[in-house]
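> In the UniProt record's numbering, the protein residues as written are 1 to 145.
1) With a threshold of 16 other CB atoms inside 10 Å of the CB of residue 32, please say whether the residue is buried or exposed.
2) At 4 residues or longer, and completely inside the stretch 80-138: list those alpha helix (DSSP H) runs for me, N to C.
3) By the three-class DSSP mapping on this structure, what secondary structure does residue 37 have?
4) Could you tell me the alpha carbon to alpha carbon distance between residue 108 and residue 99, rounded to whole angstroms?
5) Quick check on DSSP: helix, strand or coil for residue 17?
6) Tell me which same chain residues have a C-beta within less than 7 Å of the C-beta of residue 140, skipping the five on either side of it?
7) For residue 101, which residues in the same chain have their Cβ closer than 8 Å to its Cβ, ignoring the five residues on either side in sequence?
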């Protein structure tokens, strides 16, 4: 913006602009600068790190509580390793999971992370309440924040 201001001052000096015309141009430059600064701040506010959060809690004091926060940026990197790791599951284990209705070959972790990152799944992804005879009521929540 300093270059533009210098150009305006040079144009005044050369007699190409009056002082009032130069003032209008300088004010317009300032407005553009202020707008750009506001947009930059808005973008930085929307780029806050998002997390996949897992919470496990119970109403019984003896129940262990779990509180896991995973940055989505880390999940993007980890998803590549997870996909590779899925290829290393022994065939017998895959068959047992398939027998129970779980086909791990169809899970696309890259796609899941991308969907979460694009805001398609803000809020709770999983919300489970279980009554356990030994542990009491257990709540599991998985959500994006």
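We put the CB at the ideal spot given by N, CA and C, even for glycine.
If you're wondering where the values come from, they're calculated on a predicted model, not measured in any experiment.
Result, derived from the coordinates:
1) Exposed, because fewer than 16 other Cβ atoms sit within 10 Å of the Cβ of residue 32.
2) Listed in chain order, they are 91-99, 109-117.
3) helix
4) 20 Å
5) coil
6) 56, 126, 128
7) Cβ within range, chain order: n/a, list empty.
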